[in-house]
Structures are given as C-alpha cells and as structure tokens.
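In the numbering used here, the protein residues as written are 12 to 152.
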C-alpha cells in the first residue's frame, strides 16, 4: 500500500476473499474526511472484488488484483485491475428486478446495481489481457 501527498492510494491484494478486509481498512483511512463516501466505496469494492475472486478466478489463488484511488479535485477516481477472463459486469449483468416478489427474484446482479447506484461513472476497459474497472464518484464540496 502506498499513499502520497497528492492523495493517491495504491493497494494490491491476492485473490483471497479475506484480503478484502485489509483494503477496506486502507480505504476507510484514506477517505477518513468523508466517512459516508468511504462506506459507499467499500461496498462497491467488496461487491466487485468478491465477484472477481469467486467468478472470474473461480476461487483460485495466485492472482493479484490492483486497486488505486485518486482524489482529483471534486472527483474520486478508482481503478480495479485484474487478470481474470474478460467480463464486463456493466453490460453483461442484467439489472435486478427490484419490484419482483422476493421468492420470484433471480439471484445475482444486486452488487452491480449498488455500483451503478452509488458511483457517478462506471465502465470496464480491457487492456493488455487485464480487466480495468474504472469508477468515478463526485465528492461533496
């Protein structure tokens, strides 16, 4: 983990669900001035990283995931980079039917729904054999 005066957090974790807790602590400390934003970011990171580890890596160890956060003016920019097979959760996961009865709902998609709801911009770019999820969050002035 590294931080600098220009408000950047870089964090690397292995493909183990337990490793997400360390990232959450680092994000909470990095965004200590905005605890509500820290909670929203941690929820989105937890959902996306859990999906990557369980589905992208099928639970296999030995993979590294890089996460960076950068405070840039009134924006928070987040990049998640992994070497899982190509998959775009923002175009390949259907939005959940939140109006359906609980017993009738199809499992899945709620985590991506949280990301769509909590972030102001989200997209996936595939570069050099890696998935790069780019998130942006408008910060309160």
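Note that CB positions come from ideal geometry on N, CA and C, so glycine has one too.
Treat the numbers as computed from the prediction; the structure is a model and nothing was measured.
If you draw a straight line from the Cα of residue 102 to the Cα of residue 143, it is about 14 Å long. Counting only residues of its own chain and dropping the five nearest sequence neighbours on each side, residue 94 has a CB closer than 7 Å to the CB of 74, 140 and 141.
Per DSSP, residue 48 lies in no beta strand (DSSP E); the unbroken alpha helix (DSSP H) holding it starts and ends at 46–62. The beta carbon of residue 52 is closer than 6 Å to those of 38 in its chain, skipping five residues each way along the sequence.
When DSSP states are grouped into helix, strand and coil, residue 43 belongs to the coil group. In this model, residue 40 and residue 133 are separated by some 23 Å (Cα to Cα). The criterion of a C-beta distance shorter than 8 Å is not satisfied by residue 22 and residue 104. Nearest to residue 59 by C-alpha distance, out of 34, 45 and 46, is 34.
The alpha-carbon separation between residue 84 and residue 146 amounts to approximately 15 Å.
For residue 69 and residue 98, the gap between their C-alpha atoms comes out near 13 Å. Taking the Cβ atoms as the reference, residue 32 lies roughly 16 Å from residue 42, outside the contact range of under 8 Å. Restricting attention to 47, 27, 36 and 28, the CA atom closest to the CA of residue 129 is found in 47.
Taken atom to atom, the span from the alpha-carbon of residue 25 to that of residue 18 is near 24 Å. According to the DSSP assignment, residue 101 belongs to the alpha helix (DSSP H) that extends over 100–103.
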